[in-house]
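Engineer: Counting with our numbering, you get residues 268 to 422 for the letters of the sequence shown.
Questions regarding the structure given below will be posed in turn.
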Amino acid sequence: MALTLPDAQSPTGLLPLEQAWLQLVQAEVETSLAELFELPDEAGLDVRWTQALTQARAYALRPAKRLRPALVMAGHCLARGSAVVPSGLWRFAAGLELLHTFLLIHDDVADQAELRRGAASLHRMLAPGRAGEDWPWWWETTSSRAPWRPCWARG
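Listed below in structure tokens is the structure:
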């Protein structure tokens with residue numbers, strides 16, 4: 268996909284070129300983010316996991332600036348001297364945005380934040396008033412299924 272736009276005519280009400288380009292990047296990254304959350308093999312897992320995954324998907328797809336992916340795309344285009352972006356780079360940029368999203372979730376739990384991106388923070392949606400209480404359940408569930416076992420969990 269090429270990251271070029273037709274000639275922009277700014278004063279007539281159309282978006283400035285940079286803003287239109289950023290919206291193009293946002294749309295492509297959000298499409299790639301949605302694809303990252305297509306996990307059909309996890310449909311039969313615990314109902315709490317399904318609920319958490321559904322909420323995490325909605326949280327990650329909330330409207331956001333997506334500046335990190337835009338910087339990835341701008342850097343690639345500048346370094347290559349071309350506006351053509353390989354499809355794998357969109358997936359990488361979406362993964363970078365997903366990493367940033369989960370760092371925000373962690374930050375919200377640590378700060379006990381109520382809001383993020385104009386709505387309730389993820390831990391408040393999943394467990395209002397009990398952030399972190401499901402940790403023992405999650406650890407037991409995941410560590411018992413993992414191919415590795417921490418030294419203190421081995422029998």
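Ideal Cβ placement from N, Cα and C applies to all residues, glycine included.
None of these values were measured; they are calculated from a predicted model.
In the DSSP assignment, find the unbroken alpha helix (DSSP H) run with residue 361 in it and report its ends.
Structural biologist: Note, residue 361: alpha helix (DSSP H), 354–378.
Engineer: Any chance the stretch 383–392 sits against the stretch 321–331, with 3 or more Cβ pairs inside 8 angstroms?
Structural biologist: Counting Cβ pairs under 8 angstroms, three or more are found: they touch.
Engineer: If residue 370 and residue 337 are in contact, beta carbons under 8 angstroms, what's the gap, nearest whole angstrom?
Structural biologist: Not a contact, Cβ separation roughly 18 angstroms.
Engineer: Using the beta-carbon count (16 or more within 10 Å), is residue 375 buried or exposed?
Structural biologist: buried
Engineer: Return the Cβ separation of residue 364 and residue 300 in integer angstroms, given the expectation that the two are a contact with Cβ distance under 8 angstroms.
Structural biologist: Residue 364 to residue 300, Cβ: 6 angstroms. Contact.
Engineer: When DSSP builds the beta bridges, which residues end up paired with residue 387?
Structural biologist: Beta-bridge partners of residue 387 (DSSP): 382.
Engineer: Compute the beta-carbon to beta-carbon distance between residue 333 and residue 296, rounded to the nearest angstrom, for a pair I have assumed lies under 8 angstroms.
Structural biologist: 5 angstroms
Engineer: Do you know whose CA, among 283, 293, 362 and 355, lies nearest residue 303's CA?
Structural biologist: 362
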